[in-house]
Amino acid sequence: MSADTSAESPTSSAGDFVADAVRADAIAGTYGGRVQTRFPPEPNGYLHIGHAKAIIADFGIAEQFGGVCNLRFDDTNPDTEEAEFADSILHDIHWLGFSPANVFHASDYFCVLYTWAQVLIEQGLAYVDDQDAETVSAQRGGYGKPGIDSPYRERSVAENLDLFHRMKAGEFSDGSRVLRAKIDMQSDNMWLRDPVMYRIRTRHHFRTGDDWCIYPTYDWAHGQSDAVEGVTHSMCTLEFEDHRALYDWFLDHLPLPHEQPRQYEFARLEFTHTVTSKRRLAQLVREGRVDGWDDPRMPTLSGLRRRGYPASAIKEFCRSIGVSKTNSTHAIEELQWHVREQLNKVALRRMAVLRPIELVIDNWPLDVAGNQVVEHFDIVNNPEDPSEGTRSVPFTGRLWIEAEDFEVNPPPGYFRLSPGREVRLRGAYFVTATSAETDDAGRVVRVHVTYDPATKGGSAPDGRKVKSTMHWVSAGHAHDATVGLYRHLFATERPGETTGDPLDDIDPRSREVLVGCKVEPALAETSRGQVVQFERLGYFALDPDQPMFFHRTVGLKDEWAAQQKRL
RNA sequence: UGGGGUAUGGGGUAAUUGGCAGCCCAACGGAUUCUGGUUCCGUUAGUCCAGGUUCGAGUCCUGGUACCCCAACCA
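The first sequence begins at 286 in this note's numbering and counts up by one.
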């Protein structure tokens, strides 16, 4: 299936029941062939990987059927929302490669919502309740237990209208009154037990300023905003399934400018070892456990971007998992597979040594001044893409190699360097180990080898093979760099497995930083922010904010550790 | 305790709507390879349970089981 290796190559995408619904509507002519969706984030934090699924579903459906998808900020709660968050959200959507047809805000409709609330009041379908939140909640009853009517439920239309106007005028204190829909306090669906539509909140809103002191709730704002905009298919996550009856109820009683939209619910995207809860991510930022919303350890889109995840990998992953109603937790490795898949085609290859030991070539020549000869080799930048060309890498008789690339007593299946064995130094020469020096603790610190001048460039004229090709960095030319290895972002988040403070679950070993690893000089020419593959070590992103600091994006095959264990 | 949902190999996701259970990841085996990467070939393994209808059931019927969501003036 590699005939088409372009980034746009469509992999088989999983099924999508919303697409089926759209098709059915097209056949039935429900919306006159119109398809309109919307992505409705609340600007109270940065977008995380979980949102990517919704973005791709919303924009994807519109794209697939030649419809439009708008961005609509669900900014109905002035307590938590900020312009900074709205900006970051728009930026992340663009990064993923989508362009909203329009950028709307629920707050654009505060006036319509206010008018429509009066429409409901006039029909006797909404009333002002003077009770406090606790009382209202208690009266709501419980599962299997009916609720009881508020004593204010039967107020006259005139009185409700008057009270509602005065709520808006700021005559009442915060929390002293609410506007409620008059539906059914006996309903099995808790959301139909006279839900709150407006609450009094004397607060500054980041867009409407101090124009309002009453704010609509999610339920009163969402479906109505969809209806005003002309949305046809309104997708949200599974926990809103019970709200659909309310969504429909409101719209059934209002003078809508378009055909009535319908809500569809799909399962939220969850990963192993990953926190996808905006509340907890906000907590990490607030308490300074991370450097910010875009910290590379964060599962936010901005964090992943900084970590080197290509947007295409995230999109391909989402397409592969489809849109279904089954609650499921995806192995984070699955996302990483897509990251490697994309990166393998484009990441430049470089050599680096994370845990260096010295390799001395005893028969390496000296020049007339008695210094070691320096030879330069042209090494291919990306074997997957010859057009990336080669780079010149200096080579001498004193090199750094990876500590784990040498074993005094090689276990079975180990085919790198060991005494008497010949291996290839990538792009340079074949070398054969002769002896090793150890420190006081018995660790190998220096390996002595001899090289075969006939194998210059890395291949033997007599056709003999070696079982291993190792990476290396010239000791006299190496740059020191710092590498951050992110083992796990956060602890496993599984319902039932979490006890106490969520932050206690974070693995303190989640970040391992290696200081002073050795990288080849050509790395310095690689532009910042780019992802390179360190030969055999995995993919690393050069942090644009920190000179010579690399974040591990993903390993090649993270099973290396397991293989080691088996040996 | 009432209501709303969901169940397909180890993890996900399909099945022309009643017609050979397919695909991706993982695992395992082999081939290629100047990265223990990539690529290629192959193997293992699945319809929640119990009945029923039918020539034929993942799909339809009956009855169970498990898990998720709902009693915010959050979204």
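All C-beta atoms in this analysis are idealised placements derived from N, C-alpha and C, irrespective of residue type, glycine included.
Query raised in the report: For the segment 724 to 732 against the segment 653 to 668, are there 3 or more C-beta pairs whose distance is under 8 Å?
Result: no
Requested in this report: Using three-state DSSP, classify residue 294 as helix, strand or coil.
Outcome: The residue you call residue 294 lines up with position 9 of the first sequence. Any reading at residue 294 must be qualified, since the residue scores a pLDDT of 27, below 50, and its modelled position is unreliable; the value itself is stated next. Looking at residue 294 - three-state DSSP - the assignment turns out to be coil, as it is neither helix nor strand.
Requested in this report: Leaving aside the five residues before and after residue 652 along the sequence, list all residues of the same chain whose C-beta is less than 8 Å from its C-beta, in chain order.
Outcome: Here residue 652 refers to the residue found at position 367 of the first sequence. The answer, listed in chain order, is 658.
Query raised in the report: If you draw a straight line from the C-alpha of residue 599 to the C-alpha of residue 525, how long is it?
Result: For this step, residue 599 is matched to residue 314 along the first sequence. For this step, residue 525 is matched to residue 240 along the first sequence. Residue 599 and residue 525: Cα-Cα distance of roughly 25 Å.
Report task. Report yes or no: do the segment 534 to 550 and the segment 428 to 438 share at least 3 C-beta pairs separated by less than 8 Å? Result -> no
Query raised in the report: Per DSSP, what kind of secondary structure is residue 651 in: helix, strand or coil?
Result: Position 366 of the first sequence, counting from 1, holds the residue named residue 651. Here residue 651 sits in strand by DSSP.
Query - Own chain partners of residue 318 with C-beta closer than 8 Å, once the 5 adjacent residues on each side are dropped - result: Mapped onto the first sequence, residue 318 falls at position 33. 311, listed in sequence order.
Requested in this report: Rounded to whole angstroms, what's the CA-CA distance from residue 804 to residue 577? Just pull it up for me.
Outcome: The residue you call residue 804 lines up with position 519 of the first sequence. The residue you call residue 577 lines up with position 292 of the first sequence. Taking the straight line from one Cα to the other gives about 28 Å.
Query - Residues that residue 356 bridges to, as DSSP identifies them - result: As a position in the first sequence, residue 356 is number 71, starting the count at 1. Per DSSP, 324, 388.
Requested in this report: Following the continuous beta strand (DSSP E) through residue 684, name the residue where it begins and the one where it ends.
Outcome: Looking up residue 684 in the first sequence gives position 399. Residues 683 to 687.
Query - Per-residue DSSP class, three states only, for residue 833 - result: As a first step, residue 833 is located in the first sequence; it is residue number 548 there, counting from the start. Coil.
Query raised in the report: With which residues is residue 731 paired in a DSSP beta bridge?
Result: Position 446 of the first sequence, counting from 1, holds the residue named residue 731. The partner list for residue 731 (beta bridge, DSSP) reads 643, 722.
Query raised in the report: Residue ranges of each alpha helix (DSSP H) run of no fewer than 4 residues wholly in the segment 411 to 486, ordered along the chain?
Result: 418 to 424, 442 to 453
Requested in this report: Classify residue 750 as buried or exposed, calling it buried when 16 or more other Cβ atoms lie within 10 Å of its own Cβ.
Outcome: Here residue 750 corresponds to residue number 465 of the first sequence, with the count starting at 1. Flag for residue 750 reads exposed.
Report task. Could you pull the start and end residues of the alpha helix (DSSP H) that residue 399 belongs to? Result -> By one-based count along the first sequence, residue 399 stands at place 114. Run containing residue 399: 395 to 407, per the alpha helix (DSSP H) assignment.
Report task. Can you tell me which of the three DSSP states residue 704 falls into? Result -> Within the first sequence, numbered from 1, the residue matching residue 704 stands at position 419. Correct three-state label for residue 704: strand.
Query raised in the report: Buried or exposed: residue 396, going by 16 or more other Cβ atoms within 10 Å of its Cβ?
Result: For this step, residue 396 is matched to residue 111 along the first sequence. Residue 396 is exposed by the Cβ-count criterion.
Report task. Could you spell out the range, first to last residue, of the beta strand (DSSP E) harbouring residue 519? Result -> As a working mapping, residue 519 is identified with position 234 in the first sequence. It spans 518 to 522 - the beta strand (DSSP E) in which residue 519 sits, taken as one unbroken run.
Report task. Give the DSSP-derived three-state secondary structure of residue 806 in the structure shown. Result -> Along the first sequence, one-based indexing puts residue 806 at 521. Reduced to three states, the DSSP call for residue 806 is helix.
Query raised in the report: Under three-state DSSP, which class holds residue 767?
Result: Translated into the one-based positions of the first sequence, residue 767 becomes position 482. In this structure, residue 767 counts as strand in the three-state DSSP scheme.
Query raised in the report: Rounded to whole angstroms, how far is the Cβ of residue 799 from the Cβ of residue 822, which I believe are closer than 8 Å?
Result: Against the first sequence, residue 799 aligns to sequence position 514. Against the first sequence, residue 822 aligns to sequence position 537. Rounded, the Cβ-Cβ distance is 11 Å, inconsistent with contact.
Query raised in the report: Is the Cβ-Cβ distance between residue 460 and residue 415 less than 8 Å?
Result: Indexing the first sequence from 1 puts residue 460 at position 175. Indexing the first sequence from 1 puts residue 415 at position 130. Not in contact: residue 460 and residue 415 (Cβ atoms no closer than 8 Å).
Query raised in the report: My guess is that residue 663 and residue 677 are in contact by the Cβ rule of under 8 Å, so how many angstroms apart are they, rounded?
Result: Position 378 of the first sequence, counted from the first residue, corresponds to residue 663. Position 392 of the first sequence, counted from the first residue, corresponds to residue 677. About 6 Å separates the two Cβ atoms, so the contact holds.
Query - Which listed residue (451, 314, 648) has its alpha carbon closest to that of residue 483 - result: What you label residue 483 is simply residue 198 of the first sequence in a count that begins at 1. Selected option, being the one with the closest Cα: 451.
Query - Cβ pair count under 8 Å reaching 3, the segment 572 to 590 against the segment 373 to 381 - result: yes
Requested in this report: May I ask you to report which of helix, strand or coil DSSP gives residue 712?
Outcome: Along the first sequence, read from residue 1 onward, the residue named residue 712 stands at position 427. DSSP places residue 712 in coil when its eight states are reduced to three.
Query raised in the report: Leaving out the 5 sequence neighbours to the left and right, which residues in its chain are closer than 6 Å to residue 826 when beta-carbon positions are compared?
Result: Mapped onto the first sequence, residue 826 falls at position 541. These residues qualify, in order along the chain: 592, 593, 816, 836, 838.
Report task. Starting from residue 335, trace the alpha helix (DSSP H) both ways and give me its first and last residue. Result -> As a working note, residue 335 is residue 50 in the first sequence. Per DSSP, residue 335 belongs to the alpha helix (DSSP H) from 334 to 349.
Requested in this report: With DSSP collapsed to three states, give me the class of residue 488.
Outcome: By 1-based counting over the first sequence, the position of residue 488 is 203. Coil at residue 488, not helix or strand.
Requested in this report: Can you tell me which of the three DSSP states residue 740 falls into?
Outcome: Sequence index remark: in the first sequence, residue 740 carries index 455 (1-based). Helix.
Report task. Drop a sphere of 10 angstroms on the beta-carbon of residue 700, count the other beta-carbons inside from all chains shown, and report buried for 16 or more, exposed for fewer. Result -> Along the first sequence, read from residue 1 onward, the residue named residue 700 stands at position 415. The residue in question, residue 700, is exposed, as its Cβ has fewer than 16 Cβ neighbours within 10 Å.
Query raised in the report: Looking at residue 691 and residue 730, is the spacing between their C-beta atoms short of 8 Å?
Result: Taking the first residue of the first sequence as 1, we reach residue 730 at position 445. Taking the first residue of the first sequence as 1, we reach residue 691 at position 406. No, the Cβ-Cβ distance between residue 730 and residue 691 is not below 8 Å.
Query - Among 305, 493, 760, nearest to residue 349 - alpha-carbon criterion - result: Taking the first residue of the first sequence as position 1, residue 349 is located at position 64. The shortest Cα separation from residue 349 among 305, 493, 760 belongs to 305.
Report task. Verify whether the separation of the beta carbon atoms of residue 453 and residue 394 is less than 8 Å. Result -> Here the question's residue 453 lines up with position 168 in the first sequence. Here the question's residue 394 lines up with position 109 in the first sequence. No. Outside cutoff.
Query raised in the report: Opposite residue 635 in the DSSP bridges: which residues?
Result: In the first sequence, the residue the question calls residue 635 occupies position 350. In the DSSP output, where bridge partners are listed per residue, residue 635 has 819.
Query - Endpoints, the beta strand (DSSP E) within which residue 660 is located - result: Translated into the one-based positions of the first sequence, residue 660 becomes position 375. From DSSP, the beta strand (DSSP E) with residue 660 extends over 660 to 665.
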